[in-house]
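Visitor: Submitted below is the structure of interest, expressed as structure tokens.
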Amino acid sequence: MRTVIKIHGHKSTEEQITNEIHSLITGKGSRPYPLSVTETAKTLGVSRETIYQYIRKMKGSQAIQKTSSGKLLLPKESLESKFFRFSLSNPIASDPLVSEWIDDLTTRKGGLPVSSWRIRLGSLESVCNTCKIPPKNLIISEKNTEMILRQYAKMYRQGNASRDKRGARAPSDIRNVVYCKVQGVRDFCRYYGMNWPRGTRGIMSQKVPNHGKYSDIRLTEEELKKADEYIKEQFGIDSDVYRWFWIGIESCARFGALFQMSLDYTKHVSASYKTTYIMTAFETKTRHIKGGKWLKYITRSDTQTSIDLLKDRGSSRIYESALSKQRFHIMMSNQLKQVYSHLGKGEYFKSRPNHALRHIGAHYWLSKTDYNFGLIAEIGGWNTIDELKKSYGQIPPEKILEVIG
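Letter by letter, the sequence shown follows residues 512 to 916 of this note's numbering.
Now the structure itself:
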């Protein structure tokens, strides 16, 4: 028999092909459900007759039994493999394929979980519930997976998509929605040996939506001064929002890192008697770089005063609130939105009030260092100078005019 089948993209021997077909139709391989001859043919990209030819050649322990009339006694598709909606009473994690994938997600980083593993799981759940498929359908073939994601995108546009159980408000931009779902599905498929190469276009592309679109987000010196005065007047210098706003800007730390940030610091006094508080933040997103540990430099005297007022009361974090992380995020977002509204800022500041501080911080430091991207990449905790330039550090027009004018 001529070998025309590729397994995981590689030419295979007749024995390897026979073993793969046997594992698929019996459910004894990486997929714990038996696949029908039709599904097996789709998975391997061949005709049903080709599959039957290999089945008839199986011998020994692989041999498929026949009836007295010569009909093959193939394993029946299990009830577990058929779709029924994943919900609180039927969690998607109960699916064996998904359970094994979750085990990998939650231990992949040297025994620690991928920070976004819950989001990826929710994405997979949403796709399965929307398209009414069991997870196994996503790993039949690359083409089949792409067809499912196209169906999901179409149903989302029609308002028929199923959301996961996290309860977040539905994103309005379909590009962000599809990107998130593809992230989760691609990770699931990758675990079971399916990959899409870099540069893939279409529905399975991993190009980040709006990448670099908001690199101009900043506050001018006048706006920063106005924000400082407003927060002091409305909330006071010894308030959580005051510390959060200014530590957020000078540290450029993400929300999670700020929420876990210790109030401890090392005081440094320069030759010119300028005092700087050196603090530490841990970024889970960059755990692969220095363990995610970044030094932060708090230079404003009023921010230092606010830190010391809280420290004197025995606090261990940069905030005093005892709210849960989720409720604190809501409270802080609302207070930051008040500040941005006072400044007359637009949609991005109000839709991503906490992350806006990272953008503001990038420009805050870049303007103070004459746009020394290398230094600010270290201060702000960016992976690369290119990422800082592309996504956060667009040089403002007045700076360019100052040089060329």
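From the three backbone atoms N, C-alpha and C, an ideal C-beta is built for every residue, glycine too.
Going by beta-carbon coordinates alone, are Met715 and Val693 separated by less than 7 Å?
Guide: Indexing the sequence shown from 1 puts residue 715 at position 204. Indexing the sequence shown from 1 puts residue 693 at position 182. Yes; because the gap between Cβ atoms is below 7 Å, this pair is in contact.
Visitor: For His853 and Ala738, what's the separation of their Cα atoms in angstroms?
Guide: For the purposes of this step, residue 853 is identified with residue 342 of the sequence shown, where counting begins at 1. For the purposes of this step, residue 738 is identified with residue 227 of the sequence shown, where counting begins at 1. Straight-line Cα distance between these residues: approximately 8 Å.
Visitor: Mind checking Glu591: buried by the 16 CB within 10 Å criterion, or exposed?
Guide: Here the question's residue 591 lines up with position 80 in the sequence shown. Unreliable positioning characterises Glu591 in this predicted model, as indicated by a pLDDT of 48, which lies under 50. A coordinate reading is not provided.
Visitor: Between the region 741-750 and the region 793-805, do at least 3 Cβ pairs fall closer than 8 Å?
Guide: Counting Cβ pairs under 8 Å, fewer than three are found: no touch.
Visitor: Going by beta carbon distance, what residues of the same chain come within less than 6 Å of Thr524, once the five residues before and after it are set aside?
Guide: As a working note, residue 524 is residue 13 in the sequence shown. There are no such residues.
Visitor: If you pair each beta-carbon of the region 547-557 with each one of the region 641-653, do three or more pairs fall below 8 Å?
Guide: They touch, by the three-pair rule.
Visitor: Taking the alpha-carbon positions, what's the Ala782 to Gly695 distance?
Guide: In the sequence shown, counting from the first residue as 1, residue 782 sits at position 271. In the sequence shown, counting from the first residue as 1, residue 695 sits at position 184. Straight-line Cα distance between these residues: approximately 52 Å.
Visitor: Could you check what DSSP says for Trp805 in three-state terms: helix, strand or coil?
Guide: For the purposes of this step, residue 805 is taken as the residue at position 294 of the sequence shown. Looking at Trp805 - three-state DSSP - the assignment turns out to be strand.
Visitor: Have a look at Gln837, Cys639 and Phe595 and flag the residue whose alpha-carbon is nearest the alpha-carbon of Asp767.
Guide: As a first step, residue 767 is located in the sequence shown; it is residue number 256 there, counting from the start. The displayed chain sequence assigns Gly, not Asp, to residue 767. It is Gln837 whose Cα lies nearest to the Cα of Gly767.
Visitor: Here's the rule I'm using: 16 or more other beta-carbon atoms within 10 Å means buried, otherwise exposed. How should His779 be labelled?
Guide: For the purposes of this step, residue 779 is taken as the residue at position 268 of the sequence shown. Exposed, since its Cβ has fewer than 16 Cβ neighbours within 10 Å.
Visitor: Distance check for Ile562 and Ile644, CA to CA, integer angstroms please.
Guide: Within the sequence shown, residue 644 is the residue found at index 133, counting from 1. Within the sequence shown, residue 562 is the residue found at index 51, counting from 1. Each residue's Cα considered, the two are about 24 Å apart.
Visitor: Assign Gly855 to one of two classes, buried (16 or more other C-beta atoms within 10 Å of its C-beta) or exposed (fewer than that).
Guide: If you number the sequence shown from 1, residue 855 lands on position 344. Under this definition Gly855 is an exposed residue.
Visitor: Between the alpha carbons of Gly802 and Asn530, how many angstroms are there, rounded?
Guide: Position 291 of the sequence shown, counting from 1, holds the residue named residue 802. Position 19 of the sequence shown, counting from 1, holds the residue named residue 530. Cα to Cα, the separation comes out at about 43 Å.
Visitor: Out of Ser832, Thr731 and Gly885, which has the shortest C-alpha to C-alpha gap to Ile896?
Guide: Stepping through the sequence shown from its first residue, residue 896 is reached at position 385. Of the candidates Ser832, Thr731 and Gly885, the one whose C-alpha sits nearest the C-alpha of Ile896 is Gly885.
Visitor: Which residues bound the alpha helix (DSSP H) around Met666?
Guide: Here residue 666 corresponds to residue number 155 of the sequence shown, with the count starting at 1. From DSSP, the alpha helix (DSSP H) with Met666 extends over Glu653 to Arg668.
Visitor: At which residues does the alpha helix (DSSP H) containing Ile748 begin and terminate?
Guide: Indexing the sequence shown from 1 puts residue 748 at position 237. Careful: Ile748 lies outside any alpha helix (DSSP H) and carries neither H nor E.
Visitor: Using a Cβ-Cβ cut-off of 7 Å (strictly less than) and excluding sequence neighbours within five positions of Leu834, which residues of its own chain qualify?
Guide: The count along the sequence shown starts at 1 and reaches residue 834 at position 323. Contacts found: Met842.
Visitor: Could you give the C-beta distance for Ile818 and Arg754, rounded to a whole number, given that I count them as a contact under 8 Å?
Guide: Locating residue 818 in the sequence shown gives position 307, counting from the first residue. Locating residue 754 in the sequence shown gives position 243, counting from the first residue. Sure, about 7 Å apart at Cβ, within 8 Å.
Visitor: If you run the structure through DSSP and keep just helix, strand and coil, what is Thr514?
Guide: On the sequence shown, residue 514 is found 3 positions in, with the first residue counted as 1. Here Thr514 scores only 49 on pLDDT, less than 50, and its place in the model is too uncertain to base an answer on.
Visitor: Does the region 695-714 come into contact with the region 728-738, if we say contact requires no fewer than three beta-carbon pairs (one atom in each stretch) closer than 8 Å?
Guide: The region 695-714, when compared against the region 728-738, does not touch it at the 8 Å Cβ threshold.
Visitor: Is the CB-CB distance between Leu877 and Gly857 below 7 Å?
Guide: Within the sequence shown, the letter at position 366 stands for residue 877. Within the sequence shown, the letter at position 346 stands for residue 857. Not closer than 7 Å, so no.
Visitor: Roughly how many angstroms separate the alpha carbons of Arg680 and Ser862, rounded to a whole number?
Guide: Here residue 680 refers to the residue found at position 169 of the sequence shown. Here residue 862 refers to the residue found at position 351 of the sequence shown. In this prediction, Arg680 has a pLDDT of 48, which is less than 50 and means its spatial position is unreliable; what the coordinates show is noted afterwards. Rounded to the nearest angstrom, the two C-alpha atoms are 11 Å apart.
Visitor: With H, G and I counted as helix, E and B as strand and the rest as coil, what does DSSP make of Ile630?
Guide: To locate residue 630, count along the sequence shown from 1; it is residue 119. Looking at Ile630 - three-state DSSP - the assignment turns out to be helix.
Visitor: Label Val914 either buried or exposed according to how many other C-beta atoms from any shown protein chain fall within 10 Å of its C-beta, with 16 as the threshold for buried.
Guide: Reading the sequence shown from its first residue, position 403 is the one you call residue 914. By the 10 Å Cβ count, Val914 comes out exposed.
Visitor: On the criterion of 16 or more Cβ atoms from any shown chain inside 10 Å, does Arg631 qualify as buried, or is it exposed?
Guide: In the sequence shown, counting from the first residue as 1, residue 631 sits at position 120. So Arg631 ends up on the buried side.
Visitor: Cβ atoms of Ile748 and Gly872: under 7 Å apart, would you say?
Guide: The residue you call residue 872 lines up with position 361 of the sequence shown. The residue you call residue 748 lines up with position 237 of the sequence shown. Going by C-beta atoms, Gly872 is not nearer than 7 Å to Ile748.
Visitor: Under 7 Å, do Thr787 and Tyr808 count as touching if we go by C-beta distance?
Guide: Residue 787 sits at position 276 when you count from the first residue of the sequence shown. Residue 808 sits at position 297 when you count from the first residue of the sequence shown. For Thr787 and Tyr808, yes; Cβs fall inside 7 Å.
Visitor: When the distance is taken between beta carbons, is Pro864 closer than 7 Å to Ser832?
Guide: Reading the sequence shown from its first residue, position 321 is the one you call residue 832. Reading the sequence shown from its first residue, position 353 is the one you call residue 864. Result no, Cβ atoms of Ser832 and Pro864 do not sit closer than 7 Å.
Visitor: If you draw a straight line from the C-alpha of Tyr859 to the C-alpha of Leu535, how long is it?
Guide: Stepping through the sequence shown from its first residue, residue 859 is reached at position 348. Stepping through the sequence shown from its first residue, residue 535 is reached at position 24. One C-alpha to the other measures close to 49 Å.
Visitor: So what does DSSP say about His840, is it helix, strand or coil?
Guide: If you number the sequence shown from 1, residue 840 lands on position 329. It is helical.
Visitor: Can you give the Cα-Cα distance for Leu769 and Glu550, rounded to whole angstroms?
Guide: Residue mapping note: residue 769 aligns to position 258 of the sequence shown, counting from 1. Residue mapping note: residue 550 aligns to position 39 of the sequence shown, counting from 1. Each residue's Cα considered, the two are about 49 Å apart.
Visitor: Looking at the strands, I want to know which residues DSSP matches up with His779.
Guide: Translated into the one-based positions of the sequence shown, residue 779 becomes position 268. Its beta-bridge partners are Thr787.
Visitor: Where does Leu574 land, buried or exposed, given buried means 16+ other C-beta within 10 angstroms?
Guide: Taking the first residue of the sequence shown as 1, we reach residue 574 at position 63. A small fix is needed here, since residue 574 is Ala in this sequence, not Leu. Answer is exposed; the Cβ neighbour count stays below 16.
Visitor: Can you have a look at Leu912 and say buried or exposed, based on whether 16 or more other CB atoms are within 10 angstroms of its CB?
Guide: As a working mapping, residue 912 is identified with position 401 in the sequence shown. Classification for Leu912: exposed.
Visitor: Quick check on Leu623: does DSSP put it in helix, strand or coil?
Guide: Taking the first residue of the sequence shown as position 1, residue 623 is located at position 112. Three-state DSSP puts Leu623 in a strand.
Visitor: Could you have a look at Ser852 and say whether DSSP puts it in helix, strand or coil?
Guide: Within the sequence shown, numbered from 1, the residue matching residue 852 stands at position 341. Of the three classes helix, strand and coil, the one that applies to Ser852 here is helix, per DSSP.
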